């Protein structure tokens, strides 16, 4: 958009054995603080990018 803000997420689910899966997710966000008064990403003012990772282990019964 005009404020140069962007977020992206991707995930992968892998079934190790029937009934047990591992789901991973990586997130990236960019916020150009100079063009925006509201920091929706909560990225510190001295940084413009943030990366997050989540890993979930799921057992289905």
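In this note's numbering, the protein residues as written are 1238 to 1298. The beta-carbon is built from N, C-alpha and C at its ideal position, and this holds for glycine as well. None of these values were measured; they are calculated from a predicted model.
Coarse secondary structure for residue i, derived from DSSP in three states
| i | result |
| --- | --- |
| residue 1242 | coil |
| residue 1264 | strand |
Selection from the options that minimises the alpha carbon distance to residue i
| i | options | result |
| --- | --- | --- |
| residue 1292 | 1262, 1251, 1286, 1241 | 1262 |
| residue 1298 | 1254, 1245, 1246 | 1254 |
| residue 1251 | 1260, 1243, 1282, 1281 | 1260 |
| residue 1281 | 1266, 1295, 1245 | 1266 |
Residue i to residue j span [Cα, whole Å]
| i | j | result |
| --- | --- | --- |
| residue 1257 | residue 1290 | 20 Å |
| residue 1287 | residue 1241 | 14 Å |
| residue 1245 | residue 1283 | 21 Å |
| residue 1294 | residue 1264 | 18 Å |
Where residue i falls, given that 16 or more other Cβ within 10 Å makes a residue buried
| i | result |
| --- | --- |
| residue 1248 | exposed |
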